[in-house]
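Top line first, the protein sequences correspond to chains A, B, C and D.
Quick note on the working numbering: the first sequence kicks off at 1 and runs consecutively.
Quick note on the working numbering: the second sequence kicks off at 1001 and runs consecutively.
Quick note on the working numbering: the third sequence kicks off at 2001 and runs consecutively.
Quick note on the working numbering: the fourth sequence kicks off at 3001 and runs consecutively.
Yeah, the Cβ is synthetic: ideal placement off N, Cα and C, and Gly gets one too.
Being a predicted model, the structure only gives us computed values, none of them experimental.
There are 4 protein chains.
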Amino acid sequence: MRLGGNNYGKAETRLVLLRRGGERHDIVDLNVSVALAGDLADTHLVGDNARVLPTDTQKNTVYAFARSHGVDHIEAFGLALARHFVDSQPSIERARVSIESYGWRRLGPHSFSRAGDGVRTATVTYDGERAWVVSGVVDLVLLNSTGSEFTGFIRDEYTTLADAHDRILATAVRASWRHASDECDWSVSHSGALAALVDAFVGTHSLSLQQTLYAMGGAVLDARPEIVEVRLSLPNRHHFLVDLEPFGLDNPGQVFFAADRPYGLIEGSVLRDDAPPPGLAWDL
Amino acid sequence: MRLGGNNYGKAETRLVLLRRGGERHDIVDLNVSVALAGDLADTHLVGDNARVLPTDTQKNTVYAFARSHGVDHIEAFGLALARHFVDSQPSIERARVSIESYGWRRLGPHSFSRAGDGVRTATVTYDGERAWVVSGVVDLVLLNSTGSEFTGFIRDEYTTLADAHDRILATAVRASWRHASDECDWSVSHSGALAALVDAFVGTHSLSLQQTLYAMGGAVLDARPEIVEVRLSLPNRHHFLVDLEPFGLDNPGQVFFAADRPYGLIEGSVLRDDAPPPGLAWDL
Amino acid sequence: MRLGGNNYGKAETRLVLLRRGGERHDIVDLNVSVALAGDLADTHLVGDNARVLPTDTQKNTVYAFARSHGVDHIEAFGLALARHFVDSQPSIERARVSIESYGWRRLGPHSFSRAGDGVRTATVTYDGERAWVVSGVVDLVLLNSTGSEFTGFIRDEYTTLADAHDRILATAVRASWRHASDECDWSVSHSGALAALVDAFVGTHSLSLQQTLYAMGGAVLDARPEIVEVRLSLPNRHHFLVDLEPFGLDNPGQVFFAADRPYGLIEGSVLRDDAPPPGLAWDL
Amino acid sequence: MRLGGNNYGKAETRLVLLRRGGERHDIVDLNVSVALAGDLADTHLVGDNARVLPTDTQKNTVYAFARSHGVDHIEAFGLALARHFVDSQPSIERARVSIESYGWRRLGPHSFSRAGDGVRTATVTYDGERAWVVSGVVDLVLLNSTGSEFTGFIRDEYTTLADAHDRILATAVRASWRHASDECDWSVSHSGALAALVDAFVGTHSLSLQQTLYAMGGAVLDARPEIVEVRLSLPNRHHFLVDLEPFGLDNPGQVFFAADRPYGLIEGSVLRDDAPPPGLAWDL
């Protein structure tokens, strides 16, 4: 037998960084996960750790880099960390840094309220020669109360679903988009991509959640030339019309039961025809 | 032995209600829990259910009332439901309806994004004669990046904590406020109370989280004459300054570790001197 | 306005204690929450913390007591802590210590597997004169696949539920039982109470979940003379028979959909006729 | 731009199946997720659903197959479902069925207590020609209270970790193992693989969690010839010795703080030298 693919790292280091510019503070609130891969056979086979950079050290490095480099953009912060681990350690050949960034709304010069509408993400991978940057968002919950249909599908012996000509379409967006290069105005790019995603969800008369997915991915590519591929995972959060007839009431698209499980799950990728190969963008 | 206090009901009925006014829709997104108490000894002692209104019926009633009464305010919706259960069933002497209302931001005439900054709540209790209304908020996460101290506390043999002259103060507010009566402009009252809570958190130079708690409760009473008592449960979400000295770096209030557990938990009530007795407001 | 009831403390201190007796280790795995009440007006009103024992100190005390006193039983450990806080601090008049104890199955002399079937709990309250001890269990998930009915209930205009002559009865038990005194063989008492709860669930032909609840509480009182009151909170985890007729299949009580929400929630107390008043057992 | 990889399906269908053999019942409690891929461009590009088998139909099929085929082993149940979707629908080229199976301990002929120590899993993928079966376990929490070291690691400028000669090693095992074929005595195989995993965790004097991981994977391959690859994801649940010196107490490996985040995360694969290529076993 032999050792196959492997990696290790410190996951979910919670970092809050204050920038104290005179009266007015800024806050950065991150969850940083590091994964490293390389020449790690000895620790697996005989417990020789001479080539292992401890996960505790990785955590320390996250905090020290936040102080010494600052965190202007999570993509750049991830790049700095990933490059550090590979470039400073001969045994580490590839590094991935995954970051969640929690938003806060400003209430005052040094007061904030946690915003709950979506979490910004970045995943940076570096192999000693080049770097791949994937930006994204998770937990962005969107709902259209009309403008969604689902008809004309396959009917087999197990099909009981009726055609839906006007349904609620609701999802919690998990989206990731791959950049062409590792240099970018990350803030402009992210807000543009996010706006394109949301606008496409809002603006698409949906014949299927797949169609909405493709429209969302395509809108990002249309809006942002620096992005070459978008991957989306969209749960279909079902809202079922409640039957009120037994109580002598009609229900013309008004009262719904919001179900937890099961849910549909629609996943897909949209990419430019000339997108470069993904390399390690999606897999360490 | 004997049967002591008891109640039963349907918990967490998920209701989404659309109001379709021409082009523009409104959305109401609720989690409704019902608890009923009364002459229920027979079902406990011998399994005779002749006085039991099934929890399934309670769920149906929630949906039917949403259609027939609408949901203009969760307090009024809760009152209608609580009164119905007690007034229509001789065996039901007291009813409590607890509602969570999830906010959505408008993206278009019929498009919405789930807002994550706090959930509005209401708990209504009715005993056949009078009703008590408690409004509130949960999961409202607030943070001051300065203006918080904690000094001068007791030092005993187990104390290692140093005085803090400038710390991060962060909490997830759980607040409930009792109304003097069951008639009110619920929307105006709620937004006024919420603003008072937040403003007091932001505006209080805090010597302890207890002081902030009292200021928050007091601000609600100052702002809203119809409210007679405020109860607050404030976890102290600790942010620890990271020691960067081993890496040759200073850390003047910049880089923090946001801890999960343990956390402080500060709970208290602020009430008017002439607040009427709470009756069943807080306990069914 | 004035300050009403209040308390504060350190919540969810995670403590793992090893007892190293030669080759064979024992493990104690706890989640300890402390709440203190007393003469705390000054910290609320003016931020004077001279009477505040920091929650950080409370955490330290939990760890130090684990070392100096050991943890033979969580009830005794809670008593020692609660007494310490009140007896050592003039400003602290009442203390509550709530403990969750996670079980581990032994795999070897120093190897363990986390047991997931229920968490043992204890809540101890002390007011400087006497102490109240409540023991319990949470997250104990039980299911009877037959022997449960629900018939003969009220039918009103919103009732659509059919009589159920043979249904699945499933619940996640949350139970707490009050002891007559603060001295007891806690292990024998807990295992006896737990066995009585489970045996009553298994052995009761159930005409309602309320009947099962009363049987469970009564069985604890029958089995354990040192216990004077049992409080139970039993969610009714609905299992709905799936309609397979559209697919030409019968479904004689075989295939069920296990629903998440909504769920019934049945809560009640069973106590001895001569149970002493509860004092602070249930409320700090 | 163009459509890249995509799939869709119904996730988390909760199925409880009773087998009623006379007096004694058996219970099967599953969470079933289906993902289908194939000729789905039309629904993405123009919302034409003529090649889409609705996720609602997939759910119905899960329930109908549970009745008509039974669920003797989750691997076989997954195979039947996956084959059905691909073989019955020209547009569906690949199907994946992922199942979690929750364990219940028997309390009586028709009474059960939910077991919390690990969830059995299976993921079956079928492409119309061949099938891949991966079995596994998640949420199996294991702890060794001694016999674990971590020394001799890289020290760089960000390293503060001291050598550990005797630490607690705790993890929540997520393991998946790939079978050589789609025919097997699934129960014997699973219990054998699980026992090998646990025995290796218990029996390995660990110089690193990586070494334990490799030992666990290797033990499965040693024990079960029908298994050709094992993938493991092992969080390192840190237990930190509490410094009790400020309180005049020693702490010789007795009192620990169990931390939530951050945690180490060790991932790796162990496979036979002659393992066949994985095909679609790990990726749809």
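To the nearest angstrom, how far is it from the Cα of A3066 of chain D to the Cα of R155 of chain A? For the purposes of this step, residue 3066 of chain D is identified with residue 66 of the fourth sequence, where counting begins at 1. For the purposes of this step, residue 155 of chain A is identified with residue 155 of the first sequence, where counting begins at 1. So the two alpha carbons sit approximately 20 Å from each other.
Does D3029 of chain D come out as helix, strand or coil in the three-state DSSP assignment? Position 29 of the fourth sequence, counting from 1, holds the residue named residue 3029 of chain D. Residue state, collapsed to three classes: strand.
Option nearest G118 of chain A by Cα separation, candidates A:Y63, A:A82, A:S176, A:Q211: Reading the first sequence from its first residue, position 118 is the one you call residue 118 of chain A. Of the listed residues, the one whose Cα sits closest to G118 of chain A is A:S176.
Looking at the secondary structure, which residues open and close the beta strand (DSSP E) in which R3155 of chain D lies? The count along the fourth sequence starts at 1 and reaches residue 3155 of chain D at position 155. Following the DSSP letters along the chain, one finds R3155 of chain D in no beta strand (DSSP E), marked with neither H nor E.
So L2015 of chain C is in the beta strand (DSSP E); what residue range does that whole segment cover? Position 15 of the third sequence, counted from the start, is the residue given in the question as residue 2015 of chain C. First-last of the beta strand (DSSP E) with L2015 of chain C: 2013–2021.
How about T2055 of chain C and G2009 of chain C: are their beta carbons less than 8 Å apart? If you number the third sequence from 1, residue 2055 of chain C lands on position 55. If you number the third sequence from 1, residue 2009 of chain C lands on position 9. Yes.
What does F153 of chain A reach in chain B if we use C-beta pairs closer than 9 Å? Walking along the first sequence from the start, residue 153 of chain A turns up at place 153. Those do not exist, as F153 of chain A stays about 24 Å from chain B at its closest Cβ, beyond 9 Å.
Whose Cβ in chain D lies nearer than 9 Å to the Cβ of F1247 of chain B? What you label residue 1247 of chain B is simply residue 247 of the second sequence in a count that begins at 1. Those are E3157, Y3158, T3160, listed as they occur along chain D.
If I measure Cβ to Cβ from L2234 of chain C and keep anything under 7 Å in the same chain, skipping five residues before and after, which residues do I get? For this step, residue 2234 of chain C is matched to residue 234 along the third sequence. Here the set comprises T2171, V2173, L2209, L2213, I2266.
Is it right to say A3219 of chain D is buried, meaning 16 or more other beta carbons lie within 10 angstroms of its own, or is it exposed? To locate residue 3219 of chain D, count along the fourth sequence from 1; it is residue 219. Per the 10 Å Cβ criterion, buried.
How many Å lie between D3042 of chain D and R3051 of chain D at the Cα? The residue labelled residue 3042 of chain D in the question sits at position 42 within the fourth sequence. The residue labelled residue 3051 of chain D in the question sits at position 51 within the fourth sequence. The alpha-carbon atoms of D3042 of chain D and R3051 of chain D are separated by roughly 8 Å.
Could you tell me whether any Cβ in chain C is nearer than 8 Å to the Cβ of D260 of chain A? Taking the first residue of the first sequence as 1, we reach residue 260 of chain A at position 260. By this cut-off, D260 of chain A is an interface position.
Determine whether the Cβ of D3117 of chain D lies closer than 8 Å to any Cβ atom of chain C. For this step, residue 3117 of chain D is matched to residue 117 along the fourth sequence. Yes, because at least one Cβ of chain C sits closer than 8 Å to the Cβ of D3117 of chain D.
Closest by CA to V1124 of chain B, which one among B:G1268, B:V1034, B:G1116? Position 124 of the second sequence, counting from 1, holds the residue named residue 1124 of chain B. Of the residues B:G1268, B:V1034, B:G1116, the one whose Cα lies closest to the Cα of V1124 of chain B is B:V1034.
Could you name the residues of chain A that V3270 of chain D contacts, counting a contact when the two beta carbons are closer than 8 Å? Reading the fourth sequence from its first residue, position 270 is the one you call residue 3270 of chain D. Among the residues of chain A, those whose CB is under 8 Å from the CB of V3270 of chain D are M1, R2, L3, G4, following chain order.
Where do the ends of the beta strand (DSSP E) carrying D3139 of chain D lie? Taking the first residue of the fourth sequence as position 1, residue 3139 of chain D is located at position 139. Here the beta strand (DSSP E) through D3139 of chain D covers 3131–3144.
Look at the Cβ atom of V287 of chain A, then the Cβ atom of L271 of chain A, and state whether they are nearer than 8 Å. What is shown of chain A runs 1 to 284, which leaves residue 287 of chain A out entirely.
Just checking A1115 of chain B against the ligand SAH - is the residue's beta carbon closer than 7 Å to any of the ligand's heavy atoms? Questions concerning the ligand SAH fall outside what the structure shown contains, since it holds no ligand whatsoever.
Excluding the 5 residues flanking V1077 of chain B on each side, which residues of the same chain have their C-beta closer than 6 Å to its C-beta? Locating residue 1077 of chain B in the second sequence gives position 77, where the first residue counts as 1. For the sequence presented, residue 1077 of chain B should be read as Phe rather than Val. Cβ neighbours of F1077 of chain B beyond the five flanking positions: V1071.
Go to Y2126 of chain C, then tell me how far its beta strand (DSSP E) extends in each direction, as first and last residue. Here residue 2126 of chain C refers to the residue found at position 126 of the third sequence. 2119–2126 is the span of the beta strand (DSSP E), which, as asked, contains Y2126 of chain C.
Quick check on A1193 of chain B - is its C-beta less than 8 Å from some C-beta in chain A? In the second sequence, counting from the first residue as 1, residue 1193 of chain B sits at position 193. Answer no: the Cβ-Cβ gap between A1193 of chain B and chain A never drops below 8 Å.
How is the beta strand (DSSP E) around N236 of chain A delimited, first residue to last? Residue 236 of chain A sits at position 236 when you count from the first residue of the first sequence. Per DSSP, N236 of chain A belongs to the beta strand (DSSP E) from 227–236.
In terms of alpha-carbon separation, which member of D:S3101, D:L3081, D:Y3102, D:E3100 lies closest to I3092 of chain D? In the fourth sequence, counting from the first residue as 1, residue 3092 of chain D sits at position 92. The option with the nearest alpha carbon to I3092 of chain D is D:L3081.
Closest by CA to D1163 of chain B, which one among C:N2049, C:W2186, C:G2192, C:F2153? Along the second sequence, one-based indexing puts residue 1163 of chain B at 163. The shortest Cα separation from D1163 of chain B among C:N2049, C:W2186, C:G2192, C:F2153 belongs to C:N2049.
C-beta contact flag for S1101 of chain B and D1029 of chain B at 8 Å: The residue given as residue 1101 of chain B occupies position 101 in the second sequence. The residue given as residue 1029 of chain B occupies position 29 in the second sequence. Closer than 8 Å, so yes.
Taking DSSP as the reference, what is the three-state secondary structure of L53 of chain A? Within the first sequence, residue 53 of chain A is the residue found at index 53, counting from 1. If DSSP states are grouped into helix, strand and coil, L53 of chain A belongs with coil.
When the cut-off is 8 Å and only beta carbons count, does Y3263 of chain D lie next to chain A? Position 263 of the fourth sequence, counted from the start, is the residue given in the question as residue 3263 of chain D. Chain A contact via Cβ: present.
Judging by CA-CA distance, which residue of D:P3225, D:E3226, D:A3195, D:N3236 is the nearest neighbour of M3216 of chain D? As a first step, residue 3216 of chain D is located in the fourth sequence; it is residue number 216 there, counting from the start. Out of D:P3225, D:E3226, D:A3195, D:N3236, D:A3195 has the C-alpha closest to the C-alpha of M3216 of chain D.
Find the residues of chain D that neighbour R2067 of chain C, judging by a C-beta separation of less than 7 Å, and give them in chain order. Locating residue 2067 of chain C in the third sequence gives position 67, where the first residue counts as 1. Correct list: L3244, L3249, N3251, Q3254, V3255.
In angstroms, rounded to a whole number, what distance separates the CA positions of L36 of chain A and S2113 of chain C? In the first sequence, residue 36 of chain A corresponds to position 36, counting from 1. In the third sequence, residue 2113 of chain C corresponds to position 113, counting from 1. The alpha-carbon atoms of L36 of chain A and S2113 of chain C are separated by roughly 29 Å.
Are the CB atoms of H2073 of chain C and W2186 of chain C nearer to each other than 8 Å? On the third sequence, residue 2073 of chain C is found 73 positions in, with the first residue counted as 1. On the third sequence, residue 2186 of chain C is found 186 positions in, with the first residue counted as 1. The answer is yes: Cβ separation under 8 Å.
CA-CA distance, V1255 of chain B and F257 of chain A? Walking along the second sequence from the start, residue 1255 of chain B turns up at place 255. Walking along the first sequence from the start, residue 257 of chain A turns up at place 257. Approximately 45 Å, taken between the alpha carbons.
How should H2025 of chain C be labelled, buried or exposed, when 16 other C-beta atoms within 10 angstroms of its C-beta is the threshold for buried? Here residue 2025 of chain C refers to the residue found at position 25 of the third sequence. By the 10 Å Cβ count, H2025 of chain C comes out buried.
Report, in whole angstroms, the separation of the C-beta atoms of T2146 of chain C and D2166 of chain C, which I expect to be a contact under 8 Å. In the third sequence, the residue the question calls residue 2146 of chain C occupies position 146. In the third sequence, the residue the question calls residue 2166 of chain C occupies position 166. Contact between T2146 of chain C and D2166 of chain C holds: CB atoms are separated by about 6 Å, below the 8 Å threshold.
Beta-carbon gap between H2044 of chain C and G1268 of chain B smaller than 8 Å: As a working note, residue 2044 of chain C is residue 44 in the third sequence. As a working note, residue 1268 of chain B is residue 268 in the second sequence. Result yes, Cβ atoms of H2044 of chain C and G1268 of chain B sit closer than 8 Å.
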